[in-house]
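One structure is given here, and the rest of the page talks about it.
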Amino acid sequence: MKINHRQKTKIVATVGPASSSYENLLALARAGVNVFRLNFSHGSHHDHQQVIDHISYINEKYHLYLSILADLQGPKLRVGKIENNEMPLAQGDILTFVNEKCIGNKERIYMSYNQFSTDVKPGEKVLVDDGKVVLEVVETNKKDTVKLKVLHGSVLSSNKGVNLPDTNVSLPALTEKDLEDLDFILTQPIHWIALSFVRSSKDLKDLRERIDAKGHPAKIIAKIEKPEAIEKIDKIIKHANAIMVARGDLGIETPMERLPLIQKMIIKKCIQRARPVIVATQMMDSMITNPSPTRAEITDVANAVLDGADAVMLSGETSVGLHPVRVVEAMSSIIEEAEKHYDVQSKRPMASDKSKTFLSDVICFSAARTAEEINAKAIVGMTSSGYTAFKVSSYRPNCEIFMFSDRPHMLSTMNLIWGVRCFYYDRFTTTDETIEDVVEILQKSDVIKLGDIITMTTNPLDILRQYWGYPAFRPLQAEIIQSVLDNNDTLALLPTGGGKSLCFQVPALCREGICIVVSPLIALMKDQVYHLRARGIAAEAIYSGMHYKDIDRILDNAVYGQLKFLYLSPERLTTDLARERIKRMKVNLLAVDEAHCISQWGYDFRPSYLQIAELREFLPQVPILALTATATKTVVIDIQEKLLFRKNNVLQKSFARPNLTYLVLNEETKETKLIDILKKVPGTSVVYARNRRKTKELALILQKEGISADFYHAGLSNEERSEKQNGWTSGKIRVIVSTNA
Numbered sequence: 107m108k109i110n111h112r113q114k115t116k117i118v119a120t121v122g123p124a125s126s127s128y129e130n131l132l133a134l135a136r137a138g139v140n141v142f143r144l145n146f147s148h149g150s151h152h153d154h155q156q157v158i159d160h161i162s163y164i165n166e167k168y169h170l171y172l173s174i175l176a177d178l179q180g181p182k183l184r185v186g187k188i189e190n191n192e193m194p195l196a197q198g199d200i201l202t203f204v205n206e207k208c209i210g211n212k213e214r215i216y217m218s219y220n221q222f223s224t225d226v227k228p229g230e231k232v233l234v235d236d237g238k239v240v241l242e243v244v245e246t247n248k249k250d251t252v253k254l255k256v257l258h259g260s261v262l263s264s265n266k267g268v269n270l271p272d273t274n275v276s277l278p279a280l281t282e283k284d285l286e287d288l289d290f291i292l293t294q295p296i297h298w299i300a301l302s303f304v305r306s307s308k309d310l311k312d313l314r315e316r317i318d319a320k321g322h323p324a325k326i327i328a329k330i331e332k333p334e335a336i337e338k339i340d341k342i343i344k345h346a347n348a349i350m351v352a353r354g355d356l357g358i359e360t361p362m363e364r365l366p367l368i369q370k371m372i373i374k375k376c377i378q379r380a381r382p383v384i385v386a387t388q389m390m391d392s393m394i395t396n397p398s399p400t401r402a403e404i405t406d407v408a409n410a411v412l413d414g415a416d417a418v419m420l421s422g423e424t425s426v427g428l429h430p431v432r433v434v435e436a437m438s439s440i441i442e443e444a445e446k447h448y449d450v451q452s453k454r455p456m457a458s459d460k461s462k463t464f465l466s467d468v469i470c471f472s473a474a475r476t477a478e479e480i481n482a483k484a485i486v487g488m489t490s491s492g493y494t495a496f497k498v499s500s501y502r503p504n505c506e507i508f509m510f511s512d513r514p515h516m517l518s519t520m521n522l523i524w525g526v527r528c529f530y531y532d533r534f535t536t537t538d539e540t541i542e543d544v545v546e547i548l549q550k551s552d553v554i555k556l557g558d559i560i561t562m563t564t565n566p567l568d569i570l571r572q573y574w575g576y577p578a579f580r581p582l583q584a585e586i587i588q589s590v591l592d593n594n595d596t597l598a599l600l601p602t603g604g605g606k607s608l609c610f611q612v613p614a615l616c617r618e619g620i621c622i623v624v625s626p627l628i629a630l631m632k633d634q635v636y637h638l639r640a641r642g643i644a645a646e647a648i649y650s651g652m653h654y655k656d657i658d659r660i661l662d663n664a665v666y667g668q669l670k671f672l673y674l675s676p677e678r679l680t681t682d683l684a685r686e687r688i689k690r691m692k693v694n695l696l697a698v699d700e701a702h703c704i705s706q707w708g709y710d711f712r713p714s715y716l717q718i719a720e721l722r723e724f725l726p727q728v729p730i731l732a733l734t735a736t737a738t739k740t741v742v743i744d745i746q747e748k749l750l751f752r753k754n755n756v757l758q759k760s761f762a763r764p765n766l767t768y769l770v771l772n773e774e775t776k777e778t779k780l781i782d783i784l785k786k787v788p789g790t791s792v793v794y795a796r797n798r799r800k801t802k803e804l805a806l807i808l809q810k811e812g813i814s815a816d817f818y819h820a821g822l823s824n825e826e827r828s829e830k831q832n833g834w835t836s837g838k839i840r841v842i843v844s845t846n847a
């Protein structure tokens, strides 16, 4: 079954007796439902389990990613049973609410909320039965009794709900029933959990702790129903994953004339913070019984779409209504028509460079901006966390948004987000192959065709997490990566151990093509190639001492797109063989490691580095990333001049390393001191000596003292260097004595 709904605004449908069967759920999905809501105010866990099983089966059978939203009941305030089930109230009547259960009459009425008498104050309003009865607190004994005056009378029935619009209620956000429901929910494939009557961000933190404690990936929706929540809306949006404008209780507890403006304000703030926002309650209420909506309801749905809501929600219309499928079809057609005139594209400026998500934000912004400028058919992204989808959607681009992930749970989670359509993909190899696969999937799904323009967005943070498992970048890495992705020539000064390699590896993986890395250090090249391959990334290195046939094979593989990284020593880079093949490669980045070697003012000048700039003749638009841990002001200028930077651009991090200690010792017997240190401090070590002869002498001295040691320098053959390096990295050799090259 193919479901190609074209509307970008999603539909949330509440499941109930009218829609809980497998057949009805399938029909609703066909009609346009993206998210199914389970209302835990009604139904047993057994009932909800059956619905969850049906939806999961539909997802599996038809390769869909329908989302499941579990809506917790929250604290419900109600009056108790009323004598004869109804009691007429007139303006001016005095009532007494007590916290002791009784049959209600003009003398006493039971109130289910035990802290009612301590929370309310004289003059505060109390609304009963959705505001049909309006009361005012006259006095309270702050213990168990409250006297109230009827301001607006009606007939009071048993078990009607109570709202306290003026009162700071001390009830916990999670009731005992909620906790029982949550225990069940967290054993199920639930994608979103809605918390009712949120009053502050603390309510959300409490729920998040419970979800995280169970290791469940569900995200949280904050339901805005209280005036207190409006006052703290910015913090609530910050700590929630999504927002629901629950207009039922919110409309009772706030002045009715403010409700439309509150709705628009919340939607705007949510779009700015990249939080999905649902507009809920009485969207098409008349269709609970009628076969078609009222004109006011049609306008209400259309206005929510035009305001920019991510989703519109149906409650009784699909849970108990007579026409659940018809109401979804009607809502879908209203959305589709409204979106033809949709123009709420976000024009926000790019994120501050002080933001923790600066790099990801800029890339998502650039994707949306580029798609608009080139009239792209779609923005295509890969994501594991979902952040790319949330952020790209928040810019409300005019084109399609297609998101790929290897996490089915995340795909269903993203189905709530405006404009996002989800596809499963787990064959992450090279960027080039991934792009080919993605295009093929989209063509087979009939969502793009030959000739359509698409723009790809790959989140560097997702790349980092996917291949290296790190949760975040180190200081300055994000700025360097962003500079490279902006196609700028960049000189990056990072201290040893600051993570220089990630600064070219991550952006290269974000782009189609191959990254050429120039380095004079054979051991470093071998080490990085080994670790890239271990992560499933195709990489090779070419250096002195290699056979011609091996060099020829590697260069051919690079030309034909079989490699993502090609490491070259500067001497090999400048050969005619390498240059002619590089002209045929699709190079996305030229990374120059140990860039100080290009300057005669540096401590390790290498004349072969001067020829690197000649690559600019046939790679004029390819950005250069020069990396070094050591450079004076003169060397910094020299590096940029010698590499023919199109524009000077230096990014530098402080060389202060709190995890390292530098100590200069004036010792006459240096060997004795070294042996003493190595015997006291466990673990592997590197000892630098001033020349090749000294490396061998020092290694022999350490061996005589029972310390596993070996020497290493550029005069050794490739086989000897490989053997020694492997011995040290595998732990067979504890100490390596080397020249600084």
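In terms of the working numbering, the sequence shown is residues 107 to 847. Glycine included, every Cβ here is placed at the ideal spot set by N, Cα and C.
Under the 10 Å beta carbon count, K606 is surrounded by 16 or more other beta carbons and is classified as buried. For the 9 Å CB-CB criterion, T387 and G354 form a contact. Across the set D543, C376, D592 and D558, the C-alpha of D592 shows the shortest separation from the C-alpha of P566. The beta carbon of K283 sits closer than 7 Å to the beta carbons of Q179 from its chain, once the five residues preceding and following it are set aside; these are given in chain order. Cβ neighbours of A410 within its own chain (closer than 6 Å, five residues either side excluded): V385 and V418.
For T273, there is no enclosing beta strand (DSSP E), as DSSP marks it with neither H nor E.
Straight through space, the alpha carbons of H429 and G210 are spaced by roughly 38 Å.
Of all alpha-carbon atoms in V756, I336 and L548, the one lying nearest the alpha-carbon of L367 is that of I336. A176 is the residue among A176, Q717, Y636 and K497 whose C-alpha sits nearest the C-alpha of G149. Beta-bridge pairing by DSSP links L201 to L254. One Cα belongs to E720, the other to D595, and the distance between them is close to 15 Å. The shortest C-alpha to C-alpha distance from K802 to any of V841, G789, N832 and K785 is the one to V841. Beta bridge pairing from DSSP links E445 with no other residue. Assignment of beta-bridge partners to I174 by DSSP yields F142. Here N481 is exposed, its C-beta having fewer than 16 other C-beta atoms within 10 Å. Contact between V244 and S260 does not hold, since their C-beta atoms are separated by about 19 Å, which reaches or exceeds 8 Å. The shortest CA-to-CA distance from Y673 to any of L696, R690 and T681 is the one to L696. I560 carries a strand assignment under DSSP once its states are collapsed to helix, strand and coil. For Q221, there is no enclosing beta strand (DSSP E), as DSSP marks it with neither H nor E. Take C505, set aside five residues on each side of it, and the residues of its chain with a beta-carbon closer than 7 Å to its own are A477, A482, K483, A484 and I485, in chain order.
Looking at I743, R513, W524 and I559, the one whose alpha-carbon comes closest to that of Q706 is I743. Here DSSP, grouped into helix, strand and coil, assigns L695 to strand.
About 6 Å separates the Cβ atoms of S625 and E700, confirming a contact at the 8 Å cut-off. CA-to-CA, the gap between R796 and Y715 works out to about 23 Å. The straight-line gap separating the alpha-carbon atoms of S398 and L412 is approximately 21 Å. For W298, the three-state secondary structure derived from DSSP is strand. Listed in chain order, the beta strand (DSSP E) elements of length 3 or more contained wholly in the region 717-773 are 730-734 and 756-758. Between E811 and K838, the gap from beta carbon to beta carbon reaches 9 Å or more. A check of alpha carbon separations from P228 across R214, K253, L630 and N205 identifies K253 as the nearest. Residue pairing of C528 in beta bridges, as defined by DSSP: M509.
Assignment of beta-bridge partners to V118 by DSSP yields V141 and M419. The criterion of a C-beta distance shorter than 9 Å is not satisfied by Y219 and L262. The straight-line gap separating the alpha-carbon atoms of L804 and V843 is approximately 7 Å. For R112 against E442, the beta-carbon gap comes to about 6 Å, under 8 Å, which counts as contact. Counted as a single uninterrupted DSSP element, the alpha helix (DSSP H) harbouring D658 occupies residues Y654 to V665.
Burial is judged here by how many other beta carbons sit within 10 angstroms of a residue's own beta carbon; A196 has fewer than 16 and is exposed.
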